[in-house]
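Below is one structure, written out as structure tokens, with a few remarks after it.
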Amino acid sequence: MTITEEIWIEAEPERVWNAWTQSDRITLWFASAADIEPKSGGKFELFFNPDRKDSMSTIGCKIIRYDEPRSFTFQWKGPDPFADTMNRQEQLTLVKVTLEPANRGTAVRLEHSGWMDTEAWNQARQWHIEAWLQMLASLKAMLESGEGARCCP
Numbered sequence: 011m012t013i014t015e016e017i018w019i020e021a022e023p024e025r026v027w028n029a030w031t032q033s034d035r036i037t038l039w040f041a042s043a044a045d046i047e048p049k050s051g052g053k054f055e056l057f058f059n060p061d062r063k064d065s066m067s068t069i070g071c072k073i074i075r076y077d078e079p080r081s082f083t084f085q086w087k088g089p090d091p092f093a094d095t096m097n098r099q100e101q102l103t104l105v106k107v108t109l110e111p112a113n114r115g116t117a118v119r120l121e122h123s124g125w126m127d128t129e130a131w132n133q134a135r136q137w138h139i140e141a142w143l144q145m146l147a148s149l150k151a152m153l154e155s156g157e158g159a160r161c162c163p
């Protein structure tokens with residue numbers, strides 16, 4: 011039960027890569043604050059409410075694999091309503107982002123895996139399907155027009 015989303019962006023792969031892996035760039039389209047260490051084992055922490063970094067965040071998440079400039083995989087925590095279901099360290103899901111040059115732009119593929127088959131997990135997965143579509147649209151808008159729409163302001 012993997013969530014798979016794809017989008018084409020009219021931007022060079024390097025710009026798309028930097029938008030995902032640089033703290034000052036990801037805050038233009040995804041989260042209000044970030045602490046990203048772009049390397050295997052580095053932090054991948056997004057803060058959707060910077061005043062309360064212990065909630066609505068991916069605090070403690072790490073980059074599992076970092077293959078610049080093609081793909082990287084990071085641990086993921088869901089928003090507070092799903093914290094009891096998916097935010098325990100032993101149950102973190104994984105998100106893999108893959109970039110491919112395509113048609114004078116970049117094809118972005120996002121795969122979110124590690125979902126369990128229970129009602130609570132299915133609700134979290136359904137929420138994430140919509141959330142990833144919105145965030146990829148925000149990434150595209152930020153790179154193509156400079157107007158990203160961060161999550162959960």
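Residue numbers (this note's numbering): 11 to 163. All residues carry an ideal CB built from backbone N, CA and C; glycine is no exception.
Taking the C-alpha atoms as reference points, what is the distance between residue i and residue j?
{"i": "residue 36", "j": "residue 149", "result": "9 Å"}
{"i": "residue 59", "j": "residue 65", "result": "7 Å"}
{"i": "residue 161", "j": "residue 138", "result": "12 Å"}
{"i": "residue 121", "j": "residue 43", "result": "23 Å"}
{"i": "residue 118", "j": "residue 156", "result": "18 Å"}
{"i": "residue 71", "j": "residue 90", "result": "15 Å"}
{"i": "residue 116", "j": "residue 33", "result": "20 Å"}
Inspect the beta-carbon positions of residue i and residue j and report whether they are closer than 9 Å.
{"i": "residue 24", "j": "residue 114", "result": "no"}
{"i": "residue 158", "j": "residue 39", "result": "yes"}
{"i": "residue 69", "j": "residue 87", "result": "yes"}
{"i": "residue 85", "j": "residue 104", "result": "yes"}
{"i": "residue 152", "j": "residue 29", "result": "yes"}
Going by other Cβ atoms of all chains shown within 10 Å of its Cβ, with 16 needed for buried, is residue i buried or exposed?
{"i": "residue 96", "result": "buried"}
Excluding the five sequence neighbours on either side, which residues of its own chain have a C-beta within less than 8 Å of the C-beta of residue i, listed in chain order?
{"i": "residue 154", "result": "19, 20, 21"}
{"i": "residue 81", "result": "75, 106, 107, 108, 109"}
Which same chain residues, not among the five before or five after residue i, have their C-beta less than 6 Å away from its C-beta?
{"i": "residue 163", "result": "Per-residue confidence for residue 163 stands at a pLDDT of 48, beneath the threshold of 50, marking its modelled position as unreliable; no derived number is given."}
Considering residue i, what are the terminal residues of the alpha helix (DSSP H) in which it resides?
{"i": "residue 148", "result": "129 to 155"}
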